[in-house]
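With UniProt numbering applied, the sequence shown corresponds to residues 1 to 314, in that order. Yeah, the Cβ is synthetic: ideal placement off N, Cα and C, and Gly gets one too. Being a predicted model, the structure only gives us computed values, none of them experimental. Worksheet: one structure, shown below.
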Amino acid sequence: MKNFTSFADAGDYKALLQQALEIKANPYGYQHIGRNKTIGLIFFNPSLRTRLSSVKAAYNLGAQAWVLNAGADSWTLEMADGAVMNGGTQEHIKDAIAVMSEYCDVLGVRTFPTLTNKAEDYGEVVFNKILQYATVPVISLESATLHPLQSFADLITVAETKQKERVKVVLTWAPHVRALPQCVPNSFCDWFSEIDWVDFVITHPEGYELDPRFTKGARIEYDQKKALEGADYVQAKNWSSYTDYGQVLGNDPAWMLTPAHMALTDSAKFLHCLPVRRNVEVSDAVLDAPGSLIIQEAGNRTFSMQTVLHELLK
Ligand SMILES: NCCC[C@H](NC(=O)CCC(=O)O)C(=O)O
Ligand SMILES: NC(=O)OP(=O)(O)O
């Protein structure tokens, strides 16, 4: 593994998953790997889980971590190549990333999409600049289009709780009050469409089709109730339209996950990456039910990160 930005970077996912389960069972058993190593974490956007689980993962591995909130804590960064910097931006990303690489052995970076410029977002223009200028391995802490550490944590959560050889996993769109990125659902598709013991189904209202580069031919079922039938796991998430880029096309409250929806499943476990808008995306009764894995799932963010750090530093 050179960088970690997508499912493809995971390489042999079965081996990586096995490693994660071993690390979770023995979280402090690999501290020789992180000794005298420093993990740098840069956030261009807010975070609770990714920020804290990444620091915890570094500590578990015997490494140190620093965090920079780009823009807020540091100089305002210029992204454009060849820019005449006589305006509001104070430091070029080229210099900032090369300098930060001097202060760490692995760099984690969170960028977000604009949701207005599809070509820039899906071209991962900002993230690719970071890959270009970094001189150490780079981990995506969520980019404009993907959130691989989240999907890997979701995979760990399903793997450690599943009661059957094969499981049906459903990704369902859910209503929200804002236009949100497609990163989490794209990434969930990027991973779960590839898992050979998963029957994967995506459900959303028409107009919310995701990029086929990530859905990779997975079954799309527009009837949410039909999709949920017999499900073992349900992951709910809002996203804005990919085709009508960044737009909220409709917000049918009937898509909010309630116990009536979960009753259609095979006593499915519930997943959500968090943060969640309670009683808009998902009802309290689902989030707080015994079958809700949301806290365990967030807890596994430590182990997805720790496993990736282990791979990059070993
Ligand atoms: N990092 C995990 C997901 C973050 C983001 N959620 C949000 O922005 C929610 C914000 C709000 O609820 O206003 C998303 O959906 O991609
Ligand atoms: N799930 C997730 O990535 O949460 P944060 O945005 O809080 O890091």
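| Query | Result |
| --- | --- |
| Please state whether DSSP places Asp154 in a helix, a strand or coil. | helix |
| Using DSSP with H/G/I as helix, E/B as strand and the rest coil, what is Arg278? | strand |
| Please classify Gln31 as buried or exposed, where buried requires at least 16 neighbouring CB atoms within 10 angstroms. | exposed |
| Flag Gln150 as yes when its Cβ comes closer than 8 Å to any non-hydrogen atom of ligand 2, and as no otherwise. | yes |
| Who are the Cβ neighbours of Tyr122 in its own chain at under 8 Å, not counting the five residues just before and after it? | Ala144, Thr145, Asp211 |
| Counting pairs of Cβ atoms below 8 Å between the region 281 to 294 and the region 117 to 135, do you hit three or more? | no |
| If we count the other Cβ atoms within 10 Å of its Cβ and call it buried at 16 or more, is residue 363 buried or exposed? | Lying before the first or after the last residue shown, residue 363 is absent from the chain, which here runs from 1 to 314. |
| Beta carbon of Val234, beta carbon of Leu271: below 9 Å? | yes |
| Using DSSP's beta-bridge definition, name the partner residues of Phe4. | Ile139 |
| Among Leu61, Lys168, Thr111, Asp196, which has the Cα closest to the Cα of Asn69? | Thr111 |
| Flag Arg51 as yes when its Cβ comes closer than 8 Å to any non-hydrogen atom of ligand 2, and as no otherwise. | yes |
| Can you tell me where the alpha helix (DSSP H) holding Tyr222 begins and where it ends? | Run containing Tyr222: none; DSSP gives neither H nor E here. |
| With distance defined between alpha-carbon atoms, name the residue in Phe7, Ser241, Pro259, Thr307 nearest to Asn117. | Ser241 |
| Cβ of Glu209 versus every heavy atom of ligand 3: is any distance shorter than 8 Å? | Questions concerning ligand 3 fall outside what the structure shown contains, since the ligands it does hold are ligand 1 and ligand 2. |
| What residue range does the beta strand (DSSP E) around Gly40 cover? | 38 to 43 |
| Exposed or buried, which one is Met85 when buried takes at least 16 other CB atoms within 10 Å? | exposed |
| Is Val67 near ligand 2, with its Cβ less than 8 Å from a heavy atom? | no |
| May I ask you to report which of helix, strand or coil DSSP gives His92? | strand |
| With hydrogens ignored, establish whether the beta-carbon of Leu264 is closer than 8 Å to any heavy atom of ligand 2. | no |
| Taking the C-alpha atoms as reference points, what is the distance between Val295 and Ala83? | Note that residue 295 is Ile in the sequence shown, not Val. Going by the C-alpha atoms only, they are around 44 Å apart. |
| Are the beta-carbon atoms of Lys269 and Gly291 separated by less than 9 Å? | yes |
| If Val106 and Leu312 are in contact, beta carbons under 8 Å, what's the gap, nearest whole angstrom? | 5 Å |
| According to the neighbour-count rule (16 or more other Cβ atoms, all chains shown, within 10 Å of its Cβ), is Ser267 buried or exposed? | exposed |
| So, under 8 Å CB-CB, Ala20 and Leu41 are touching, yes? Tell me the CB distance rounded to an integer number of Å. | The pair is not a contact, with the Cβ atoms about 20 Å apart (cut-off 8 Å). |
| In three-state terms, what does DSSP make of Val286? | helix |
| If you measure between the beta carbons of Phe4 and Val138, is that distance less than 9 Å? | yes |
| Between which two residues does the alpha helix (DSSP H) containing residue 341 stretch? | Nothing can be reported for residue 341: it is not among the residues displayed for the chain, which extend from 1 to 314. |
| Check whether the Cβ atoms of Thr302 and Ala57 sit closer than 9 Å, and answer yes or no. | yes |
| Which same chain residues, not among the five before or five after Gly11, have their C-beta less than 8 Å away from its C-beta? | Met1 |
| Within the continuous alpha helix (DSSP H) that includes Gln19, where are the two ends? | 13 to 25 |
| Let's see if you can read the secondary structure: which residues bound the beta strand (DSSP E) around Lys237? | 233 to 237 |
| What would DSSP say about Gly34, mapped onto helix, strand or coil? | helix |
| Within 10 angstroms of the Cβ of Thr243, are there 16 or more other Cβ atoms? Answer buried if so, exposed if not. | exposed |
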